């Protein structure tokens, strides 16, 4: 599938992201996954696409309004990009609909679970549908104000499900599906070992048809995604936190970036709706009878069967679990965690201990996305309440987490912490913690550097590394960065850590260039990169140069990948694979051959321009040999995946790695067994 915006040098980032979401769709089709996990991947696909339109499509549309010279620097021909996005999304929606109708629905039926429409209701189910509508749904639907003239302008809420019908030549109806009710209704069991479930959309449709028998009408689903950008990223005046607070409600009324419409809707009625909603043809995406498939996260299982993945409970850490004190554990050696294979508990325990330990004087920390309810956050608040010097930097520009981050910022302040908020023009994306302990005359510093957020909920879903260390050079570097965030230093003169936007790019460039020099000298030269996204053109260009000079490069990229591998004279020595499975691959690992003495780094930064140039990011070297071996073993297992790894080729077709004579290796399961048997 060659894409018009693909060229031999760079794959367009947004089209590549859509190919990532295609890999999510492959998980829906993969019958090696349990049935309800496939349904969950449907919900993930739908949720991903919603965010894509609210964020990326919004950005491209804003670029269209810029001066032409500036527009060229940001994106090539935005109208063409939007047109190609529409083509690709339409194709994905078609594939999604076919999977749902031709595979998911029949597979549910094989298990005795029937997802039925209103026209399939039995007489008994019709009575139940009437009772449920009258008792629960009717009071939550504004039927009195649901009819409009074809000359009226109509506002529909962001990301909410609606049904609409043409009543007459000059009248139409728009009804919102209640968003505070479960999307699915399970009919009472009938005793025939069959279970019947319906969308509440169908209960509403049945009752609307029944109440208007004189009308020959059909209801169709619509949904709007609205611009989610706050457009305050680069504001340098005024109170940024207050601007964010004021801007959050705008998300619900922003410009429409996608109108999802039932493909069965007549063109004439589509035109009526487009005018009423003030949208154009390019905004319209044709979909199925139902929208908001992210509601399938809550799809009920009325049976006593288990259709989910077998549990893989997080394992206790082999070292820290043997200590009552996390500080004592870190005193013995650097401690490496790998979630969700291992428990996030050591991080929570470290902060809870720090909150109570009288020798702890100072805690400094960055927070990007935090859980709504959190033992970790409670420990931070308690530390401040206990009189520790607590300095928390909260990134309130973390998209869709702004409100929750602001809430916790107020809680920390109320308990006595010093809370610093976002800087204009730059995001603080690093996942770092710094602690000072004063025992007698000796001041000892400890730190934690992670690839993922301080969030105990997502730690069970995302694969991430976290390093705890008291290495003096690393803790000194980290404290320098916090002094920058506090406004005391201007530049952190780091010796060990790679910190963007200050030193990270240059250090990565020098590491790649060393491999180039080794290859030119006839020595073994290789690079292994694991990240979420690979988009920065300068780094890609350097990797192309390395490939041409003989450096072997293997990239593990979960999401978008603008690098085009396997092109003779450009990227012949570059291989890219992507793993999608039950856990979301989120860790960033960078390995360089270094003439037989490998160098390894982990941290929060992808190789995207925003990470290397426009964000505060921290990447740390792995020094401890035990931890080095663990990460290397994990990466080797992933490089050998023959079950869930896809090949990212020049056209991003997402073909699975061919098994051939290789053993079947499903890396996430192999890694779990690895940690289950891990002993230092």
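Residue numbers (this note's numbering): 38 to 717.
Even glycine gets a Cβ: it sits at the ideal position worked out from N, Cα and C.
Because the structure is a prediction, the values reported are computed rather than measured.
1. List, from N- to C-terminal side, the beta strand (DSSP E) runs of 3 residues or more that fit wholly inside the region 181-265.
2. What did DSSP end up calling residue 590 once you bin it into helix, strand or coil?
3. Answer yes if the region 580-587 comes into contact with the region 598-615, meaning at least three C-beta pairs across the two stretches below 8 Å, and no otherwise.
4. Report the start-end ranges of each alpha helix (DSSP H) in the region 307-386 that is 4 residues or longer and not cut off at the edges.
5. Which of the three DSSP states, helix, strand or coil, is assigned to residue 170?
6. Which ranges does the beta strand (DSSP E) cover as unbroken runs of at least 3 residues, wholly within the region 582-666, from first to last along the chain?
7. Here's the rule I'm using: 16 or more other beta-carbon atoms within 10 Å means buried, otherwise exposed. How should residue 160 be labelled?
8. Can you tell me where the alpha helix (DSSP H) holding residue 683 begins and where it ends?
9. Is it the case that the Cβ atoms of residue 473 and residue 357 are separated by a distance below 8 Å?
10. I want to know whether the region 256-263 touches the region 322-339 - three or more CB-CB distances under 8 Å.
11. Are there 16 or more other CB atoms within 10 angstroms of the CB of residue 547, so buried, or fewer, so exposed?
12. Three or more beta-carbon pairs under 8 Å between the region 517-526 and the region 614-632, yes or no?
13. Can you give me the C-alpha to C-alpha distance between residue 309 and residue 167, rounded to a whole angstrom?
14. Count the C-beta pairs between the region 65-80 and the region 139-147 that are closer than 8 Å, then say yes if the count reaches three, no if not.
15. Alpha carbon to alpha carbon, what distance is there between residue 322 and residue 311?
16. Helix, strand or coil for residue 552 per DSSP?
17. Our contact map puts residue 485 next to residue 463 with C-beta atoms below 8 Å; I'd like the distance itself, whole angstroms only.
18. So the candidates are 706, 690, 206; which of them puts its Cα closest to the Cα of residue 678?
19. Quick check: what's the CA-CA separation for residue 430 versus residue 228?
20. Nearest-angstrom Cα distance between residue 535 and residue 185?
21. Give the range of the beta strand (DSSP E) segment to which residue 426 is assigned.
22. From what residue to what residue does the alpha helix (DSSP H) around residue 444 run?
23. What first and last residue would you give for the beta strand (DSSP E) that runs through residue 470?
24. Could you pull out every unbroken alpha helix (DSSP H) segment of at least 4 residues lying fully inside the region 62-142, listed in chain order?
25. Relative to the alpha-carbon of residue 688, which residue among 603, 710, 389 has its alpha-carbon at the smallest distance?
26. On the three-pair Cβ rule with 8 Å, is the region 125-132 touching the region 202-216?
27. Which residue wins for smallest C-alpha separation from residue 342, given the options 79, 148, 651, 645?
28. Pull up the distance between the alpha-carbon of residue 36 and that of residue 588, whole angstroms please.
29. Measuring only the C-alpha atoms, how far is residue 93 from residue 77?
30. Less than 8 Å between the beta carbons of residue 363 and residue 387, yes or no?
31. Is it buried or exposed, residue 700, if we count other Cβ atoms within 10 angstroms and call 16 or more buried?
32. Quick check: the Cα distance between residue 491 and residue 412, rounded to an integer number of angstroms?
33. If you follow the beta strand (DSSP E) that residue 570 is in, where does it begin and where does it stop?
34. Ignore the nearest five residues each way along the sequence and tell me which others in residue 132's own chain have a CB closer than 7 Å to its CB.
35. Residue 440 to residue 433, Cα distance in whole Å?
36. Answer yes or no: do residue 174 and residue 254 have a C-beta to C-beta separation smaller than 8 Å?
In short:
1. Unbroken beta strand (DSSP E) runs of no fewer than 3 residues, entirely contained in the region 181-265, are found at 184-186, 199-205, 208-213, 221-223, 232-236, 257-263, following chain order.
2. Locating residue 590 in the chain shown gives position 553, where the first residue counts as 1. Three-state result, residue 590: strand.
3. Yes, the region 598-615 is in contact with the region 580-587.
4. 363-369
5. In the chain shown, residue 170 corresponds to position 133, counting from 1. Looking at residue 170 - three-state DSSP - the assignment turns out to be helix.
6. 589-594, 611-616, 625-629, 636-640, 652-658
7. For the purposes of this step, residue 160 is identified with residue 123 of the chain shown, where counting begins at 1. The residue in question, residue 160, is exposed, as its Cβ has fewer than 16 Cβ neighbours within 10 Å.
8. Within the chain shown, numbered from 1, the residue matching residue 683 stands at position 646. No alpha helix (DSSP H) holds residue 683; the beta strand (DSSP E) holding it covers 682-684.
9. For this step, residue 473 is matched to residue 436 along the chain shown. For this step, residue 357 is matched to residue 320 along the chain shown. No, the pair does not count as a contact, with Cβ atoms beyond the cut-off.
10. Below 8 Å, enough C-beta pairs join the region 256-263 and the region 322-339 to call them touching: three or more.
11. Reading the chain shown from its first residue, position 510 is the one you call residue 547. By the 10 Å Cβ count, residue 547 comes out exposed.
12. With the cut-off at 8 Å, the region 517-526 and the region 614-632 do not touch.
13. For the purposes of this step, residue 309 is taken as the residue at position 272 of the chain shown. For the purposes of this step, residue 167 is taken as the residue at position 130 of the chain shown. Approximately 31 Å, taken between the alpha carbons.
14. Contact between the region 65-80 and the region 139-147 is present, because at least three Cβ pairs lie under 8 Å.
15. Locating residue 311 in the chain shown gives position 274, counting from the first residue. Locating residue 322 in the chain shown gives position 285, counting from the first residue. Those two C-alpha atoms are separated by around 12 Å.
16. If you number the chain shown from 1, residue 552 lands on position 515. Correct three-state label for residue 552: helix.
17. In the chain shown, counting from the first residue as 1, residue 485 sits at position 448. In the chain shown, counting from the first residue as 1, residue 463 sits at position 426. Contact flag wrong, Cβ pair sits at about 22 Å.
18. Reading the chain shown from its first residue, position 641 is the one you call residue 678. Measuring from the Cα of residue 678, the nearest candidate turns out to be 706.
19. For the purposes of this step, residue 430 is identified with residue 393 of the chain shown, where counting begins at 1. For the purposes of this step, residue 228 is identified with residue 191 of the chain shown, where counting begins at 1. Approximately 58 Å between the Cα atoms of the pair.
20. Reading the chain shown from its first residue, position 498 is the one you call residue 535. Reading the chain shown from its first residue, position 148 is the one you call residue 185. Cα to Cα, residue 535 sits roughly 59 Å from residue 185.
21. On the chain shown, residue 426 is found 389 positions in, with the first residue counted as 1. That run of the beta strand (DSSP E) goes 426-431.
22. Looking up residue 444 in the chain shown gives position 407. Segment 439-451, the alpha helix (DSSP H) holding residue 444.
23. Position 433 of the chain shown, counted from the first residue, corresponds to residue 470. Element bounds for residue 470: 468-476.
24. 72-89, 95-101, 105-111, 115-136
25. Residue mapping note: residue 688 aligns to position 651 of the chain shown, counting from 1. Comparing Cα-Cα distances from residue 688 to each of 603, 710, 389, the minimum goes to 603.
26. no
27. For the purposes of this step, residue 342 is taken as the residue at position 305 of the chain shown. Among 79, 148, 651, 645, the Cα nearest to that of residue 342 is on 148.
28. In this structure the chain extends from 38 to 717, so residue 36 is not present and cannot be described.
29. Position 56 of the chain shown, counting from 1, holds the residue named residue 93. Position 40 of the chain shown, counting from 1, holds the residue named residue 77. The straight-line gap from Cα to Cα measures roughly 23 Å.
30. One-based indexing of the chain shown puts residue 363 at position 326. One-based indexing of the chain shown puts residue 387 at position 350. Yes.
31. Numbered from its first residue, the chain shown carries residue 700 at position 663. Residue 700 is exposed by the Cβ-count criterion.
32. Here residue 491 is taken as the residue at index 454 of the chain shown, counted from 1. Here residue 412 is taken as the residue at index 375 of the chain shown, counted from 1. Whole-angstrom Cα-Cα distance: 11 Å.
33. Here residue 570 refers to the residue found at position 533 of the chain shown. No beta strand (DSSP E) contains residue 570, which DSSP labels as neither H nor E.
34. For the purposes of this step, residue 132 is taken as the residue at position 95 of the chain shown. Excluding sequence neighbours, residue 132 sits near 62.
35. By one-based count along the chain shown, residue 440 stands at place 403. By one-based count along the chain shown, residue 433 stands at place 396. About 8 Å.
36. For this step, residue 174 is matched to residue 137 along the chain shown. For this step, residue 254 is matched to residue 217 along the chain shown. No. Outside cutoff.
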